[in-house]
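K.L.:
Order-wise, the sequence lines are chains A and B. First residue of the first sequence: 941, per our numbering; consecutive thereafter. First residue of the second sequence: -13, per our numbering; consecutive thereafter. Before I ask anything, here is the structure I am working with.
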Amino acid sequence: MKFAIQINEGPYQHQASDSAYLFTKTALEKGHEIFRVFFYHDGVNNGTRLTTPPQDDRHVVNRWAELGEKYDLDLVVCVAAAQRRGIVDDGEAERNGKDATNIHPRFRISGLGQLVEAAIQSERLMVFGD
Amino acid sequence: MSELHTVNKSPFEKSSFASCLEHVLEGSAVLLYEDGIYAATKGTAVEGKLKSAQGVKFYVLGPDLKARGLGEDRVIDGVEIVDYEAFVDLAAEHSKVVAWV
């Protein structure tokens, strides 16, 4: 079955990113397809490569990136939510005159249309977070 | 086709569990996870609400019970304890998934 995942909470905020990760990982291991993972609202903070948790804590960002690498997942960060929270890629840095980028290379920034498309193309949309 | 409703917040923190119960139809299922698991525990002020939902099957995510130090003996009778594999199965088996956040 084809799933789309939406995450509305940041990493380490409550538990949504962890729940979504475990659901996604389990679904993939069971042979399901994940059409896209869409990070919305504070969920965009799951996509910054600058995250540095203590060494004995789980690395939420890298964990998503590693799962994305293994299964070639489309990890999409909402552009409007990202701009508000300072999540920046090369294009956004140039467009908004910023001197740095922080998006993890395994993620990409795109628009809300990507969420709508994921909802249409998938059989189930799973929403995690606030 | 029946729906799967998911509730991830404590019924003592937000009204999402109460809203869910007002909308859930007979034959549908409710999965309680994260802080939502507190709605599945015995002896609370919302136990009666869960029990009065006619024809609704309740599930609770085992790993989230364990993460909060709650044993299986604390879960209301009739609520089924499931793992992530069953969570995925429930999402696939029901025609829609409604997240009460």
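We put the beta carbon where it would ideally sit given N, CA and C, even for glycine. Keep in mind the model is a prediction, meaning the values are calculated, not measured.
Can you give the Cα-Cα distance for residue 50/B and residue 9/B, rounded to whole angstroms?
P.N.:
Roughly 24 Å separates the two Cα atoms.
K.L.:
Determine whether the Cβ of residue 15/B lies closer than 8 Å to any Cβ atom of chain A.
P.N.:
So no, residue 15/B is outside the interface.
K.L.:
Compare the beta carbon distance of residue 913/A and residue 1044/A with 8 Å and say whether it is the shorter of the two.
P.N.:
Shown here, chain A extends from 941 to 1070; a query on residue 913/A therefore has no answer.
K.L.:
Which residues in the same chain have their Cβ closer than 8 Å to the Cβ of residue 1059/A, if we skip the five residues on either side of it in sequence?
P.N.:
Within the same chain, residue 1059/A has close Cβ partners 944, 1065.
K.L.:
I'd like the list of long-range same chain contacts for residue 62/B, defined as Cβ closer than 8 Å, with 5 residues on each side in sequence excluded.
P.N.:
Cβ neighbours of residue 62/B beyond the five flanking positions: 26, 27, 28, 33, 36, 37, 44.
K.L.:
Step through the CB atoms of chain B and report whether any lies within less than 8 Å of the CB of residue 970/A.
P.N.:
Yes, residue 970/A counts as interfacial toward chain B.
K.L.:
Would a check of beta-carbon distances place residue 1056/A closer than 8 Å to chain B?
P.N.:
Answer no: the Cβ-Cβ gap between residue 1056/A and chain B never drops below 8 Å.
K.L.:
When you compare only the Cα positions, how much space is there between residue 12/B and residue -10/B?
P.N.:
Those two C-alpha atoms are separated by around 11 Å.
K.L.:
Compute the distance between the beta-carbons of residue 990/A and residue 1042/A, then report whether it is under 8 Å.
P.N.:
Taking 8 Å as the Cβ cut-off, residue 990/A and residue 1042/A qualify as a contacting pair.
K.L.:
Starting from residue 947/A, follow the beta strand (DSSP E) in both directions and report where the run begins and ends.
P.N.:
From DSSP, the beta strand (DSSP E) with residue 947/A extends over 942 to 947.
K.L.:
Which residues, taken in chain order from the stretch 959 to 988 of chain A, show a beta carbon closer than 9 Å to some beta carbon of chain B?
P.N.:
Residues 959, 962, 963, 965, 966, 967, 969, 970, 972.
K.L.:
Using a cut-off of 7 Å between C-beta atoms, extract the partners of residue 19/B located in chain A.
P.N.:
Ordered by position in chain A, the residues that pass the 7 Å Cβ test against residue 19/B are 959.
K.L.:
Could you name the residues of chain B that residue 950/A contacts, counting a contact when the two beta carbons are closer than 8 Å?
P.N.:
Result: empty, since nearest Cβ-Cβ is about 14 Å, beyond 8 Å.
K.L.:
Please decide whether residue 955/A counts as near chain B, where near means a Cβ-Cβ distance under 8 Å.
P.N.:
Cβ-Cβ to chain B under 8 Å: yes for residue 955/A.
K.L.:
In chain B, which residues lie less than 7 Å from residue 1070/A when you measure between Cβ atoms?
P.N.:
Simply 87.
K.L.:
Does residue 58/B come out as helix, strand or coil in the three-state DSSP assignment?
P.N.:
Note: residue 58/B maps to helix in three-state DSSP.
K.L.:
By Cβ distance below 6 Å, which residues in the same chain neighbour residue 1067/A in space, the five residues on each side in sequence not counted?
P.N.:
Only 946 meet the Cβ criterion.
K.L.:
Just verifying my parser: in three-state terms, what is the DSSP assignment at residue 978/A?
P.N.:
Strand at residue 978/A.
K.L.:
Fully enclosed by the stretch 3 to 44 of chain B, which beta strand (DSSP E) runs are 3 residues long or longer?
P.N.:
You should have 15 to 18.
K.L.:
From this set, 999/A, 1063/A, 1017/A, 981/A, which residue's C-alpha is nearest residue 1048/A's C-alpha?
P.N.:
It is 1017/A.
K.L.:
If the cut is a Cβ gap below 8 Å, which residues of chain B does residue 1000/A touch?
P.N.:
Those within 8 Å of residue 1000/A in chain B number zero; the least Cβ separation is about 15 Å.
K.L.:
For residue 71/B, which beta-bridge partners are listed by DSSP?
P.N.:
Residue 71/B pairs with nothing; no bridge assigned.
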